[in-house]
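Below is one structure, written out as structure tokens; comments come after it.
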Amino acid sequence: MDGQVVEKFQEHFGKMKDPRVERTKLYPLEEILFVLLCGSICGAESWRDFVMFGQEKLDFLREYFPFSAGIPCKNTFARVSAALEPEQFRACFIAWAASLQTVPGEVIAIDGKTLCNSANACTGAAAIHMVSAFGTDSRLVLAQQKVAEKSNEITAIPALLDLLDVTGHIITIDAMGCQRSIAKKIRDRGADYVLALKGNQGTLNDDVRMFLESEVAKPVSMGISDTYSESDAGHGRVESRRCVVSSQIDWLEQKTAWSGLTSLAMIEETREFKGRISVERRFFISSLPANARQIAQAVRAHWAIENTLHWTLDVVFNEDRSTVRKDHAPQNMAIVRHVVLNILNTAKKQFKGIGVKTLRKKAAWGNENLRLILKHSF
Numbered sequence: 003m004d005g006q007v008v009e010k011f012q013e014h015f016g017k018m019k020d021p022r023v024e025r026t027k028l029y030p031l032e033e034i035l036f037v038l039l040c041g042s043i044c045g046a047e048s049w050r051d052f053v054m055f056g057q058e059k060l061d062f063l064r065e066y067f068p069f070s071a072g073i074p075c076k077n078t079f080a081r082v083s084a085a086l087e088p089e090q091f092r093a094c095f096i097a098w099a100a101s102l103q104t105v106p107g108e109v110i111a112i113d114g115k116t117l118c119n120s121a122n123a124c125t126g127a128a129a130i131h132m133v134s135a136f137g138t139d140s141r142l143v144l145a146q147q148k149v150a151e152k153s154n155e156i157t158a159i160p161a162l163l164d165l166l167d168v169t170g171h172i173i174t175i176d177a178m179g180c181q182r183s184i185a186k187k188i189r190d191r192g193a194d195y196v197l198a199l200k201g202n203q204g205t206l207n208d209d210v211r212m213f214l215e216s217e218v219a220k221p222v223s224m225g226i227s228d229t230y231s232e233s234d235a236g237h238g239r240v241e242s243r244r245c246v247v248s249s250q251i252d253w254l255e256q257k258t259a260w261s262g263l264t265s266l267a268m269i270e271e272t273r274e275f276k277g278r279i280s281v282e283r284r285f286f287i288s289s290l291p292a293n294a295r296q297i298a299q300a301v302r303a304h305w306a307i308e309n310t311l312h313w314t315l316d317v318v319f320n321e322d323r324s325t326v327r328k329d330h331a332p333q334n335m336a337i338v339r340h341v342v343l344n345i346l347n348t349a350k351k352q353f354k355g356i357g358v359k360t361l362r363k364k365a366a367w368g369n370e371n372l373r374l375i376l377k378h379s380f
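Mapped onto my numbering, the consecutive letters of the sequence shown carry residue numbers 3 to 380.
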């Protein structure tokens with residue numbers, strides 16, 4: 003038995019309250035959870051998949067837990083996942099994620115994702131929308147918060163921030179999260195922010211846009227504090243990015259309403275492909291000093307939550323095609339996928355040059371690979 007993995011697994015996930023009545027606890031909760039995690043690592047998606055995985059890998063699983071009663075049926079997996087209290091599971095997840103090798107001061111991107119197939123027509127339950135915090139350097143999901151029905155990300159983001167120690171980090175959020183209350187919460191929690199602007203804050207976006215565009219147009223500008231440029235080329239496409247920032251905010255009527263507001267930024271992206279050129283300008287407010295490189299890199303890092311987290315969940319884990327809909331099961335299985343993605347992204351450091359999709363195959367095809375993957379996360 004691998005004592006290290008079992009000890010760490012029980013330390014973080016063994017304290018969860020079993021929702022079942024005593025007479026229905028033939029299969030221990032920790033064994034059910036362990037099959038869900040290992041099965042998901044190896045590509046299992048449906049309840050039937052988890053049963054088949056457990057039956058095929060029973061000898062391997064017994065290296066970690068007794069499995070005296072064998073593997074549960076698919077109905078047991080479904081019932082336990084539906085009944086398990088997601089707030090408990092989330093708390094265990096956050097504590098475990100904090101024990102992994104995170105990066106001090108990294109950019110934490112916050113964004114929401116709808117589990118498109120989680121709506122239940124029979125009960126009238128709407129599709130679940132989850133807001134996640136993602137470490138863009140560590141490539142780890144740090145926490146998640148379900149958006150309450152008839153609510154939105156604006157109320158979920160402060161609750162998410164309360165779950166984390168974000169001291170010294172930079173928080174990036176898209177325009178939905180560009181709210182005064184959220185900026186204040188970030189500063190109160192000891193972090194800095196870079197918030198995208200759109201038309202949801204009165205004239206703020208237009209005011210910042212007009213100011214920065216007028217300053218950029220001048221032959222010599224006293225309003226621009228710093229600039230930074232970078233470019234990429236590949237597959238016939240050339241993309242360049244220029245960031246200009248200004249620390250001149252005394253003219254801004256709303257400056258005192260935004261806690262810690264220090265700088266304004268514009269990022270201009272120019273793309274050239276097959277002779278066609280497109281230019282896009284986006285605008286931001288930040289509590290960071292007017293350091294164009296730092297702000298540009300924070301904005302670029304934010305896209306990791308789309309490209310590394312959401313894309314992987316959709317394309318590799320088929321999250322949007324999941325047919326799990328009953329009670330708490332969709333939310334709990336979303337947390338399972340977050341756990342598994344963290345496990346795989348942590349293990350990737352030991353399997354150089356291998357992506358998440360290939361690593362799942364290696365885990366499924368070779369028990370030794372699965373052992374190594376588990377060992378590096380527990």
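Glycine included, each C-beta is placed from N, C-alpha and C at the ideal position.
Distance between Asp329 and Gln6, taken at the CA atoms: about 34 angstroms. Residue pairing by DSSP puts Leu197 in a beta bridge opposite Ile175 and Ile287.
Along the length of the region 49 to 128, whole beta strand (DSSP E) runs at least 3 residues long occupy 109 to 116, reported in chain order. When DSSP states are grouped into helix, strand and coil, Asp228 belongs to the strand group. Looking only at Val105, Arg189 and Ile130, the smallest Cα-Cα distance to Gly114 is reached by Ile130. Pro88 counts as buried, since no fewer than 16 other beta carbons sit within 10 angstroms of its beta carbon. Excluding sequence positions up to five before and after Leu343, its CB lies within less than 8 angstroms of the CB of Val143, Leu311, Thr314, Leu315, Phe319 and Val358, all in the same chain and listed in chain order. Selection Ala80, Ser134 and Ala85 evaluated against Glu308 yields Ser134 as nearest (Cα-Cα). For Ala349, no beta strand (DSSP E) encloses it; the enclosing alpha helix (DSSP H) starts and ends at Ala331 to Ala349. Taken atom to atom, the span from the alpha-carbon of Gly179 to that of Ala158 is near 10 angstroms. Within the same chain, and ignoring the five residues on either side of Thr264 in sequence, the residues whose Cβ sits closer than 8 angstroms to its Cβ are Ser249, Ile251, Ser288, Ser289, Leu290, Pro291 and Ala292. Taking Asp322 as reference, the option from Ile279, Val218, His237 and Leu117 with the minimal CA-CA separation is Leu117. Apart from the 5 residues on each side of it in sequence, Lys76 sits with its Cβ closer than 6 angstroms to the Cβ of Trp49, Arg50 and Val53 in its chain, given in chain order. A Cβ-Cβ distance of about 6 angstroms is found for the pair Ile269 and Val301, placing them in contact under the 8 angstroms criterion. Taken atom to atom, the span from the alpha-carbon of Cys94 to that of Gly72 is near 25 angstroms.
Contact between Phe55 and Gly41 holds, with the beta-carbon distance rounding to 4 angstroms and staying under 8 angstroms. The alpha carbon of Ser140 has as its nearest neighbour, out of Pro106, Ser216, His14 and His237, the alpha carbon of Pro106. Phe286 is positioned such that its CB atom lies no closer than 9 angstroms to that of Ala365. By alpha-carbon distance to Arg189, the top candidate from Ile172, Thr205 and Gln203 is Ile172.
The beta carbons of Ile337 and Gln147 sit no closer together than 9 angstroms.
With fewer than 16 neighbouring CB atoms inside 10 Å of its own CB, Trp253 falls in the exposed class. Take the alpha-carbon of Glu255 and the one of Ile297: they are about 23 angstroms apart. Looking at the backbone, the Cα of Val196 and that of Ala84 are separated by about 37 angstroms. Within the same chain, Cβ atoms closer than 6 angstroms to the Cβ of Gln57 are found at Ile73, the five residues on either side in sequence being excluded. Spanning the alpha carbons of Leu31 and Glu13 requires a straight line of approximately 14 angstroms. Annotation for Asp234: Glu241 place their beta carbon closer than 6 angstroms to its own, counting only its chain and skipping 5 residues before and after. Only residues of its own chain outside the window of five on either side were considered, and among them Thr348, Ala349 and Gln352 have a CB closer than 7 angstroms to the CB of His378, listed in chain order. Gly45 and Leu376 have their C-alpha atoms some 15 angstroms from each other. Bridge partners of Gly236 according to DSSP: Arg239.
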